[in-house]
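In the numbering used here, the protein residues as written are 18 to 217.
Here a beta-carbon is modelled for each residue, glycine too, at the ideal position from N, C-alpha and C.
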């Protein structure tokens with residue numbers, strides 16, 4: 018069951034690029050769990066404020082696990098958040114998508130991991146060793162990009178988790194919808210587990 022739910026769940030957690038039709042995209046929430054009371058998750062956000070989020074009855078929880086750089090082969094589908102430094106795009110974090118999510122969020126667009134950051138989702142077409150780290154070539158929607166992965170950059174892929182992993186102190190990242198009264202709700206969450214936090 019989890020393998021069937023995972024692609025949709027993670028797409029909803031990570032992809033909030035543009036409004037679809039008349040609906041606004043979800044709000045990305047990043048922070049640390051302060052409390053879980055019944056179906057209400059309180060998150061201390063990275064901006065400093067606490068927000069309450071109503072969890073859906075059919076909640077899907079996922080986590081991330083580390084992946085070695087050597088495991089990223091040509092043909093892999095990845096999402097890489099980047100900053101511009103020294104005239105090149107440098108990775109802040111790398112997400113290796115499972116094959117079932119190939120094509121999700123394909124493209125190159127602004128991201129909110131840090132000011133001025135970008136996100137590139139695409140297929141790895143080649144790797145070379147650059148002066149400042151490994152360089153990956155990505156193709157997406159008829160375009161291409163070269164991104165340098167500095168030593169120590171977080172590289173992760175997805176893994177299963179459940180509601181019992183939503184513990185105070187655990188870091189989370191997810192997309193939440195806001196109703197007319199300004200209340201947040203979420204049905205899918207990515208949470209820290211075994212010391213590995215969502216870097217995205």
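Thinking C-beta only, is residue j closer than 8 Å to residue i?
i: residue 82; j: residue 207; result: no
i: residue 140; j: residue 155; result: yes
i: residue 203; j: residue 73; result: yes
i: residue 171; j: residue 51; result: no
i: residue 150; j: residue 168; result: yes
i: residue 86; j: residue 183; result: no
Kindly indicate the opening and closing residues of the beta strand (DSSP E) around residue i.
i: residue 153; result: 150-157
i: residue 107; result: 105-113
i: residue 182; result: From DSSP, residue 182 is part of no beta strand (DSSP E); its letter is neither H nor E.
i: residue 206; result: 201-208
i: residue 51; result: 44-54
i: residue 116; result: Premise fails: residue 116 is in no beta strand (DSSP E) and is neither H nor E.
i: residue 211; result: Segment: none, residue 211 is in no beta strand (DSSP E) and carries neither H nor E.
i: residue 217; result: No beta strand (DSSP E) contains residue 217, which DSSP labels as neither H nor E.
i: residue 72; result: 67-83
Taking the C-alpha atoms as reference points, what is the distance between residue i and residue j?
i: residue 210; j: residue 165; result: 27 Å
i: residue 105; j: residue 181; result: 41 Å
i: residue 48; j: residue 160; result: 33 Å
i: residue 214; j: residue 144; result: 26 Å
i: residue 53; j: residue 146; result: 45 Å
i: residue 89; j: residue 162; result: 16 Å
i: residue 194; j: residue 187; result: 21 Å
i: residue 79; j: residue 46; result: 15 Å
Is it the case that the CB of residue i approaches a heavy atom of the ligand ZN more closely than 7 Å?
i: residue 201; result: In the structure on display, the ligand ZN does not appear, and there are no ligands present to speak of.
Run the CB neighbour count on residue i, radius 10 Å, all protein chains shown included, and call it buried at 16 or more, exposed below.
i: residue 124; result: exposed
i: residue 212; result: exposed
i: residue 63; result: exposed
i: residue 77; result: buried
Is the CB of residue i under 8 Å away from at least one CB in chain D?
i: residue 108; result: Note that chain D does not occur in the displayed structure, where there is just one protein chain.
message = Is it the case that the segment 115-131 contacts the segment 80-94, given that we only count it when at least three CB pairs across the two stretches are under 8 Å?
response = Contact check between the segment 80-94 and the segment 115-131: three or more CB pairs, one atom from each, fall below 8 Å, which counts as touching.
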